[in-house]
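As structure tokens, the structure follows; a few thoughts come after it.
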Amino acid sequence: AQKITQTQPGMFVQEKEAVTLDCTYDTSDPSYGLFWYKQPSSGEMIFLIYQGSYDQQNATEGRYSLNFQKARKSANLVISASQLGDSAMYFCAMREGTTGTASKLTFGTGTRLQVTL
Amino acid sequence: DSGVTQTPKHLITATGQRVTLRCSPRSGDLSVYWYQQSLDQGLQFLIQYYNGEERAKGNILERFSAQQFPDLHSELNLSSLELGDSALYFCASSVGVGAQDSYEQYFGPGTRLTVT
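As you go down the protein sequences, you meet chains A and B in turn.
If you read the first sequence in our numbering, its first letter stands for residue 123, the second for the next number, and so on.
If you read the second sequence in our numbering, its first letter stands for residue 1379, the second for the next number, and so on.
Right, here's the structure in full:
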């Protein structure tokens, strides 16, 4: 079974509008972390935002916010006021456990976001 | 700039050959992770080192090996290369200390390997 599911292979959004990228996850570990990364066409992976499973509030970082619904096992990324530079591939990832030193990330298949004028 | 460096940026080699990819983590980071990104497999975790010791292994082929040196830089060795090994190889680093689970992994720019 997929641990991280991103059901939107591609999304379009108009400049200055908000967009939500979906991510659902599957884990039986009570302690886990959820991440979003951005991969522009140049290829690098850019960390955007993190949400811990015990965090009471949704994470926010500038124009990025994470809509964390624990019971539904979803961790959607919301980008407000989209900019042309937001056009990229977006990956949701999960780290399970709190061992701290052995903590691989499991990635979803990604969503390609295209921001239009 | 994440602070993680990887060399080389691009590598073109023939089947059957052996290559070494190098990674220098961010200053202060003790954990190094290797990931492979290919069109058919997506982003997959290969292996993690923490302060010189192997800590976790993913779907890493036996033809692949890695190590982390005392200065914390890491090398990923790929041997008997096949066409299917063509991919973008990322190194990431994190503090990776204690039971904190809020630290992020910072990725390097990647090494694009093309096997012909």
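C-beta: ideal position from N, C-alpha, C; glycine also.
Closer than 8 Å to the CB of leucine 1491 of chain B there is not a single CB belonging to chain A. When beta bridges are read from the DSSP output, serine 1402 of chain B appears opposite B/Thr1383. Exclusion of the five residues before and after arginine 217 of chain A leaves Gly155, Ser225, Leu227 as the residues of its chain whose Cβ lies within less than 6 Å of its Cβ. In the three-state DSSP reduction, leucine 188 of chain A falls in the strand class (E or B). Judged by beta-carbon spacing, valine 237 of chain A lies beyond the 8 Å limit of leucine 199 of chain A, meaning their Cβ atoms are not closer than that value.
For leucine 1439 of chain B, the secondary structure class from DSSP, reduced to helix, strand or coil, is coil.
Of all residues in the segment 134 to 167 of chain A, only Ser153, Tyr154, Gly155, Phe157, Tyr159, Gln161, Ser164, Gly165, Glu166, Met167 come within less than 9 Å of chain B when Cβ atoms are compared, listed by chain position.
For phenylalanine 190 of chain A, no chain B residue has a Cβ inside 8 Å of its Cβ, as the nearest lies near 14 Å away.
Contact between arginine 1404 of chain B and tyrosine 1484 of chain B holds: CB atoms are separated by about 6 Å, below the 8 Å threshold. Within the segment 200 to 233 of chain A, not a single complete alpha helix (DSSP H) segment reaches 4 residues in length. Of all residues in the segment 1433 to 1467 of chain B, the ones placed with a Cβ closer than 8 Å to any Cβ belonging to chain A are Arg1433, Ala1434, Gly1436, Leu1466, in chain order.
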